[in-house]
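Heads up: the structure comes next, in structure tokens.
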Amino acid sequence: EIYFKNLSKQKQKEVMEKNGNNHKLRVCVATCNRADYSKLAPIMFGIKAEPQFFELDVVVLGSHLIDDYGNTYRMIEQDDFDIHTRLHTIVRGEDEAAMVESVGLALVKLPDVLNRLKPDIMIVHGDRFDALALATSAALMNIRILHIEGGEVSGTIDDSIRHAITKLAHYHVCCTRSAEQHLIAMCEDHDRILLAGCPSYDKLLSAKNKDYMSIIRMWLGEDVKTRDYIVALQHPVTTDIKHSIKMFELTLDALISFNKRTLVLFPNVDAGSKEMVRVMRKKGIEHHPNFRAVKHVPFDQFIQLVAHAGCMIGNSSCGVREVGAFGTPVINLGTRQTGRETGENVLHVRDADTQDKILHALQLQFGKQYPCSKIYGDGNAVPRILKFLKSIDLKEPLQKKFCFPPVKDNISQDIDHILETQSALAVDLGGTNLRVAIVSMKGEIVKKYTQLNPKTYEDRLELILKMCVEAASEAVNVNCRILGVGISTGGRVNPREGIVLHSTKLIQEWSSVDLRTPISDALHLPVWVDNDGNCAALAERKFGHGKGVENFVTLITGTGIGGGIVHQHELIHGSSFCAAELGHIVVSLDGPECLCGSQGCIEAYASGIALQREAKKLHDDDLLIVEGMSMKKEEIVSAAHLIQAAKLGNPKAESILRTAGTALGLGVVNILHTVNPSLVILSGVLANHYVNAVKDVISRQALSSVKTVDVVVSNLADPALLGAASLVLDYTTRRIY
């Protein structure tokens, strides 16, 4: 709690204004049992620590209020939370009918409570039948629902209940990337899904320094050592009660034979639990010298017990989720957790006819120490959840929206979180400048950094790393979650390996350069690299004229001439990564020399370098400057001067631009006759000057079957950076890998 009181108070003024003048969000947290309270308590502490933003109401129901299950509501009081309402909702009987009756009783009692509290939002956890009653009541009473741990997969009826709550909930906090993908596949609104991690991990990952020996001795005896005892926690499987009781009986027989001190926790309140308790008493577990049978252990102490155990056995979700944070060996029994993501510390025993299989599993697992697993969280779930809560606009329509995937264009690959905008680090290596930008999923350049591109490999790579680290740090401040790094560079690139094979003459010392490895190692992020022309095509495919177009070509007209070809929605690289070197299509056998060493290339006519070369010749012959133009003595002649002269009626300049446009047009005609695209996109600073000339050449020179092609000028302000970002965004948010 002290930790959350010291959290920085990031103000959410815009949302507060939308929700009314300093309206506090009234949050109702409803907890049903000891397991869900371990996940909800960290969130409750966080809410309580920020009274300027939230009002907290705590509702307690379910097995919390039953003596046979430890009266666990007391631990909520010990944590200094005011319990606003206690609802006795459990119908005793511990069978299927009792579960149904318990849900019905909760549905009868909850409306009065919710009418009295009038919360803005209710937080519901997990997959228990009590939680289904809570979600149903809130949904029918038009109260927004935030569901914790949706999208996960396990066995028994819990799966169906969890997914039913997902469909009722308005907002979702999930723990793993797979769970997030499951929610998306279930057509939940991408903007209302937060990948935060498990809240209990915030406490787990800071729990190592406790006085654990006194806790172990209190529960297991004075003579017990660390890593020399077992924790057993097994619940009934409601879809196959008879078999789960038989497996519990075999488990106890195996534990008796294994002859190690064992802490056995009573099962939960599900149908079949009464029969499991009978099995425990029949075998004398409560009086056996090697066993300690308890109804409840406070979560803080339970953490220490499993962290230092020689093994945990049973079918509790705690075994496959929380215990992995300590690397404690786990034996998962039966089908109750089938489908859960697990670390390497978990050994599954799906079925057992005799105790021998379980006994063998104990012999394999007991006393081992596995690497700690953080599949379910990184210890920062609660700050993310609090930001998520603050971002909720109560004036938004309450009606849920489902994102059904379209039949053809799968736009559901774009996933925007309310809390943190999923973004990419985009790097553009030009001949003059080195640029790095944070680019959002929607193509917005959130932040951009520009430096002169160093001349040497070492200095260049050092500067790239420095700028990327700076941008990644800044991303946290602007609420952007960086998914990866995309790099656009001149030259021939092997995108599979992230290597620049050969560079253009504009970028020195830039051949056979592995960009992926050093940048990925430094930032711990995936890195994609591609040619700048290909990146421009990707930018058009995701954000520009090429969106939804099956076959198109992009031509960049700048310092050089480059491009990219998209065929059947996919970028073409070629067998040696040399496809779409469109600037080096030869349009004249005896034309001017190109930087590539050949003659008559498009680039030798229509690039910025080519136009600058011709402008210098005119200037040297005093044929460039016309009335209306002025140049300072020290000013360097550029392509811009040639264009200005042409606009002012300089016939020589006009002729050069006409020739350049014709050369580019002939190159486009060759492209049309080769790959037959339906769209040609001209990009770069010279595109507007060439578009009409290109259309004219097509009308005169192209075959009639391709004359109908559309030729347009790109409307993207920065295709190089957007294309580099597309490398990341197109792959990291793809729903099918």
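Anchor point for the sequence shown: position 216 equals 203 in this note's numbering, and the numbering is continuous, going up by one each time. The C-beta atom is built at its ideal place from N, Cα and C for all residues, glycine as well.
Worksheet item: Should Gly137 and His112 be called a contact, given that it needs their Cβ atoms to be closer than 7 Å?
Response: no
Worksheet item: Using the rule of at least 16 other Cβ atoms within 10 Å of the residue's Cβ for burial, across every protein chain shown, is Asn332 buried or exposed?
Response: buried
Worksheet item: Any idea which residues DSSP pairs Asp44 with across the strands?
Response: Cys15
Practice prompt. For Leu381, name the three-state secondary structure that DSSP assigns.
Written response: coil
Discussion item. With a threshold of 6 Å on Cβ separation, who are the neighbours of Val95 within its own chain once the five nearest residues in sequence on each side are excluded?
Written reply: none
Fill in: Terminal residues of the alpha helix (DSSP H) in which Ser189 lies
Just to set this straight, residue 189 is Asp in the shown sequence, not Ser. Start and end: 187 to 191.
Worksheet item: Taking the alpha-carbon positions, what's the Ala339 to Val256 distance?
Response: 24 Å
Worksheet item: How would you label Leu708, buried or exposed, when you count the other beta carbons within 10 angstroms and need 16 or more for buried?
Response: buried
Discussion item. Ignoring anything shorter than 3 residues, give me the beta strand (DSSP E) runs that lie fully in the stretch 282 to 362, in order along the chain.
Written reply: 298 to 301, 317 to 320, 333 to 336
Fill in: Beta-carbon separation (whole angstroms), Ile668 vs Thr541, contact threshold 8 Å
5 Å
Worksheet entry | Bridge partners - His275, DSSP secondary structure assignment | According to DSSP, His275 bridges with nothing at all.
Item to complete: May I ask you to list the residues that DSSP assigns as paired with Gln438?
Response: Leu421
Worksheet item: Contact between the stretch 147 to 161 and the stretch 335 to 355: three or more CB pairs below 8 Å?
Response: no
Worksheet item: Does DSSP put Gly549 in a helix, in a strand, or in coil?
Response: strand
Discussion item. What does the alpha-carbon distance come out to for the pair Ile202 and Gly271?
Written reply: 25 Å
Worksheet item: DSSP on Cys162, reduced to helix/strand/coil?
Response: coil
Discussion item. Under 8 Å, with one C-beta from each stretch per pair, do the stretch 693 to 713 and the stretch 425 to 436 reach the 3-pair mark?
Written reply: yes
Worksheet item: Less than 7 Å separating the beta-carbons of Ala593 and Ile548?
Response: yes
Practice prompt. May I ask you to report which of helix, strand or coil DSSP gives Ala689?
Written response: coil
Fill in: Identity of the residues DSSP links to Leu412 by a beta bridge
Ile425, Val472
Worksheet item: By Cβ distance below 7 Å, which residues in the same chain neighbour Ala633 in space, the five residues on each side in sequence not counted?
Response: Ala640, Glu641, Leu644
Worksheet item: The alpha helix (DSSP H) with His660 in it runs from where to where?
Response: 638 to 662
Worksheet entry | First and last residue of the uninterrupted alpha helix (DSSP H) at Asp517 | First-last for Asp517: 514 to 518, but that is the beta strand (DSSP E), not the alpha helix (DSSP H).
Discussion item. Residues in the same chain with beta-carbon distance under 7 Å from Lys490, minus the five sequence neighbours each way, listed in chain order, please.
Written reply: A small correction: the amino acid at residue 490 is Ser; Lys does not occupy that position in the sequence shown. Hits under 7 Å: Gly477, Gly478, Trp497, Ser498.
Worksheet item: In whole angstroms, what separates the C-alpha of Phe289 from that of Ile217?
Response: 12 Å
Item to complete: Determine the burial state of Gln356: buried for a count of at least 16 other Cβ atoms within 10 Å of its Cβ, exposed for fewer.
Response: exposed
Worksheet item: For chain D, is any of its Cβ atoms less than 7 Å away from the one on Lys344?
Response: The structure shown contains no chain D; it is built from a single protein chain.
Discussion item. Considering just the uninterrupted stretch of the alpha helix (DSSP H) at Ser244, what are its terminal residues?
Written reply: 228 to 245
Fill in: Separation of Tyr363 from Glu309, as counted between CA atoms
8 Å
Worksheet item: Going by the CB atoms, is the gap between Ala22 and Leu191 shorter than 7 Å?
Response: no
Worksheet item: Helix, strand or coil for Gly710 per DSSP?
Response: helix
Discussion item. I'd like the ranges of any alpha helix (DSSP H) spanning at least 4 consecutive residues and lying wholly in the stretch 97 to 177.
Written reply: 116 to 127, 145 to 155, 164 to 172
Worksheet entry | Where Asp343 falls, given that 16 or more other Cβ within 10 Å makes a residue buried | exposed
Worksheet entry | Val284 versus Ala294 - alpha carbon distance | 14 Å
Worksheet item: Should the stretch 214 to 232 be regarded as contacting the stretch 166 to 176, the criterion being three or more beta carbon pairs within less than 8 Å?
Response: no
Fill in: Burial state of Ile398, where buried means 16 or more other Cβ atoms lie within 10 Å
Summary for Ile398: the model assigns pLDDT 36, below 50, so the residue's position carries little reliability; its value from the coordinates is reported in the next sentence. So Ile398 counts as exposed.
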